[in-house]
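Q: Dropping a structure here in structure tokens format, bear with me for questions.
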Amino acid sequence: MSSSITPSLIAADLFSVDRLVAVVTGGATGIGLMIVKALEENGAKVYIIGRRKEVLDKVAKEEAKHGNIIPLQGDASSKPDLERIVAHITKETGYINLLVANAGISGPDPVRITPSTTLSELQRDLWSLDPSIFAQTFSVNVGTAYFSIAAFLPLLDAGNHKGNVVQSSQAIITSSIGAFGRVPLAHYAYSASKAAVTHMTKQFATALTKYKIRFNILAPGLYPSEMTAGIVKSFEQLSPEERATRVSPLGREGNTEDMAGCILWLASKAGAWLSGNVVVSDGGKLSVTPSSY
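Heads up, the sequence shown is in this note's numbering, so the first residue is 903 and it goes up one at a time.
Encoded structure:
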């Protein structure tokens, strides 16, 4: 039995996010929505941030099990929008326990290299990319996480002082297995941006230790989302053997339960002793491809 003296090993207690207050950027679709649903369904109050008001409102109306998904329209890459959202949450709630910086983009189209690709063709494809698009990939995938962290630090600190949950405040950053794989899953700009945000998050974990604000990284493999819809659809036609090679050794993409398991572990008392960690959820993909993880 659970008591104030003996630690509870009951899963419902250990993995509980009841009373937790969270913010999820990019929380209206894909992996972000999976995270939002897992947290809210298990008792958390979740603010979701996104640019499309109609999509946010639909999620709040149709996906909330307890009426605790609060939509806040805004661009997580915009400092004025972040300031406005922080002011709103400060006035309404006064603290948060968890920030999930999930907003990101896929970047440029991948550079395809086939057995027949000549070096001149490869050079042409690499050189043809507009530098502004390369820079935008870094700006969104790294800069948005950076400024989201900076914006919400006071509310995360307030969460520690509030003490409404046992675990200390935390920021979880969504990266990708593209940060570790040597075979690009997307454009080089995307993979490099995810490697950058992964390392930046580890630096934050070290730098903010004395403030008792933790930082961890989620590195998903292939999950269904708006960004991966075409890829997921193309894999539907593969044989089981091909899926095991091209999708994951488990022969499928990730699903809502897979992501829910990750976020409930990280966000709850079960993950209270984690900081500076990378949680890879890829069905074993990095285990069978050249990678630096």
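Note that beta-carbon positions come from the ideal geometry of N, C-alpha and C, so glycine has one too. Predicted model, so just to flag it, every value in this text is computed and none were measured.
So is L1196 buried or exposed if we call it buried at 16+ other beta carbons inside 10 Å?
A: In the structure displayed, the chain extends from 903 to 1195; residue 1196 sits before or after that span and is not available.
Q: Bridge partners for V1002 per DSSP, in chain order?
A: Bridge partners of V1002: V926 and I1074.
Q: Using a 10 Å radius around the Cβ and a threshold of 16 neighbouring Cβ atoms, would you call G969 buried or exposed?
A: It counts as exposed.
Q: Tell me the rounded alpha-carbon separation between V1182 and L1120.
A: Distance between the alpha carbons of V1182 and L1120 is about 6 Å.
Q: Would you mind giving the Cβ-Cβ distance between S1177 and N1118, rounded to the nearest angstrom? I have them listed as a contact below 8 Å.
A: Confirmed, Cβ separation roughly 6 Å.
Q: Mind reading off the beta-carbon distance from I937 to V926? Whole number of angstroms is fine, and I expect it under 8 Å.
A: With 8 Å as the limit, I937 and V926 qualify as a contact, their Cβ atoms being about 6 Å apart.
Q: Is G1083 near L1188, with beta carbons less than 8 Å apart?
A: Yes, the pair counts as a contact, with Cβ atoms nearer than the cut-off.
Q: What is the DSSP secondary structure of L1197, reduced to helix, strand or coil?
A: Because the chain is modelled from 903 through 1195, residue 1197 falls outside the range shown and cannot be assessed.
Q: Which partner residues of N1118 appear in the DSSP bridge assignment?
A: Answer is I1074, bridged to N1118.
Q: Should V961 and L1166 be called a contact, given that it needs their Cβ atoms to be closer than 8 Å?
A: Taking 8 Å as the Cβ cut-off, V961 and L1166 do not qualify as a contacting pair.
Q: Hey, quick one: how far does the alpha helix (DSSP H) through Y1048 stretch, first residue to last?
A: It spans T1046 to K1064 - the alpha helix (DSSP H) in which Y1048 sits, taken as one unbroken run.
Q: Using 10 angstroms around the beta-carbon of R1014, count the other beta-carbons present and answer buried if the total reaches 16, otherwise exposed.
A: Label assigned to R1014: exposed.
Q: Kindly list the residues whose CB is nearer than 7 Å to the CB of Y1195, restricted to its own chain and excluding five residues on each side of it in sequence; keep chain order.
A: Excluding sequence neighbours, Y1195 sits near F1082, V1182 and L1188.
Q: Classify H845: buried if its beta carbon has 16 or more other beta carbons within 10 angstroms, exposed otherwise.
A: Lying before the first or after the last residue shown, residue 845 is absent from the chain, which here runs from 903 to 1195.
Q: Among Y1048, T1191, L1168 and L916, which residue has its Cα nearest to the Cα of L984?
A: For L984, the nearest C-alpha among the options comes from Y1048.
Q: At what residue ranges does the stretch 942 to 1011 contain a whole run of the beta strand (DSSP E), taking only runs of 3 or more?
A: For the stretch 942 to 1011, whole beta strand (DSSP E) runs of length 3 or above, ordered along the chain, are 947 to 952, 971 to 975 and 1000 to 1003.
Q: Give the straight-line distance between the Cα atoms of A989 and N1179, rounded to the nearest whole angstrom.
A: Answer to the nearest angstrom: the Cα atoms are 30 Å apart.
Q: CA-CA distance, Q1105 and V1099?
A: Using only the alpha carbons, I get a separation of about 10 Å.
Q: Considering only C-alpha positions, which residue in the set N999, A1005, K947 and N1157 is nearest to S980?
A: Comparing Cα-Cα distances from S980 to each of N999, A1005, K947 and N1157, the minimum goes to A1005.
Q: Quick one: what's got a C-beta closer than 6 Å to L941's C-beta in the same chain, skipping five residues either side?
A: Once the five neighbours on either side are set aside, the close Cβ partners of L941 are V919, A924 and V948.
Q: Taking the continuous alpha helix (DSSP H) assigned at S1022, which residues delimit it?
A: Taken as a continuous stretch (DSSP letters only), the alpha helix (DSSP H) holding S1022 covers L1021 to W1029.
Q: Taking buried to mean at least 16 other C-beta atoms within 10 Å of its own C-beta, is S904 buried or exposed?
A: Residue confidence is low: S904 scores 47 on pLDDT, short of 50, so the model does not pin down where it sits. No coordinate-derived value is stated.
Q: Sorted by chain position, which residues of the same chain lie with C-beta nearer than 8 Å to A1174's C-beta, five sequence neighbours on each side aside?
A: For A1174, where only same-chain residues beyond five positions count, the Cβ hits under 8 Å are V1068, Q1069 and S1070.
Q: I need the DSSP call for V1182, collapsed to helix, strand or coil.
A: Three-state result, V1182: strand.
Q: Output needed for A1169: all residues of its chain with C-beta closer than 6 Å, excluding positions within five of it in sequence on either side, in chain order.
A: Correct list, in chain order: V919 and L1000.
Q: Alpha carbon to alpha carbon, how far is E1023 from A1162? Give it in angstroms, no decimals.
A: Rounded to the nearest angstrom, the two C-alpha atoms are 43 Å apart.
Q: Grab the span of the alpha helix (DSSP H) containing W1167 for me, first residue to last.
A: Element bounds for W1167: T1158 to A1169.
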